[in-house]
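Structure record follows, encoded as structure tokens.
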Amino acid sequence: MPLKKLTDDNIEVCQDYCIHEDRIEAVKKDKPTEEMVYDLAELFKVFGDVTRVKIIYALLEREMCVCDIANLLEMTQSAISHQLRVLKKARLVKFRKEGKTVFYSLDDYHIDKIFSFGLDHIKEMYY
């Protein structure tokens, strides 16, 4: 199918309008529900904050308490606690108590994968 340049941004569109029913049906077959798509978009929004990305990166390396994260990122404990609440609500981090200290870690291995794939994608632009 011939393509036509639409703008200087190298966005191209079909010159002839046609529908490929087999492709559409294949995509529809395993299409997530609207609720799942919404939840996925919300998950990616959580990754849209620089502080939260820094916290996730730190927790990829090791479990840490709020004091340690605040010190590492040179921020207040209050600011870190706020971001940890957002991450916890999104089920990206979990915590455990050891006496009076609360340690945070990533909720499960999926977060490591999501973050690592994203970081690898970005690193490709630099190397």
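Numbered according to this note's numbering, the sequence shown spans residues 2 to 128.
For every residue, glycine included, the Cβ atom is placed at its ideal position computed from N, Cα and C.
Note that this is a predicted model, so its numbers are computed, not measured.
Original post:
Nearest chain D C-beta to LYS89 closer than 8 Å, yes or no?
Top reply: Among the chains of the structure shown, chain D does not appear; only one protein chain is present.
**OP:** State the beta-bridge partners of THR102 as determined by DSSP.
**Re:** Along the sequence shown, read from residue 1 onward, the residue named residue 102 stands at position 101. According to DSSP, which records beta bridges pairwise, THR102 is partnered with GLU99.
**OP:** Could you check what DSSP says for MET65 in three-state terms: helix, strand or coil?
**Re:** Start at 1 with the first residue of the sequence shown, and residue 65 comes out as number 64. Note: MET65 maps to strand in three-state DSSP.
Original post:
Do CYS74 and ILE81 have their C-beta atoms closer together than 8 Å?
Top reply: By one-based count along the sequence shown, residue 74 stands at place 73. By one-based count along the sequence shown, residue 81 stands at place 80. The question names Cys, but residue 74 is Leu in the sequence shown. Yes, the pair counts as a contact, with Cβ atoms nearer than the cut-off.
Original post:
Which residues mark the beginning and the end of the alpha helix (DSSP H) in which GLU13 is found?
Top reply: As a working note, residue 13 is residue 12 in the sequence shown. That residue, GLU13, is in no alpha helix (DSSP H); its beta strand (DSSP E) goes 13-15.
Original post:
What does VAL87 pair with, by DSSP beta-bridge criteria?
Top reply: Against the sequence shown, residue 87 aligns to sequence position 86. According to DSSP, which records beta bridges pairwise, VAL87 is partnered with nothing at all.
Subject >> Distance, VAL14 Cα to LEU61 Cα >> reply: One-based indexing of the sequence shown puts residue 61 at position 60. One-based indexing of the sequence shown puts residue 14 at position 13. So the two alpha carbons sit approximately 41 Å from each other.
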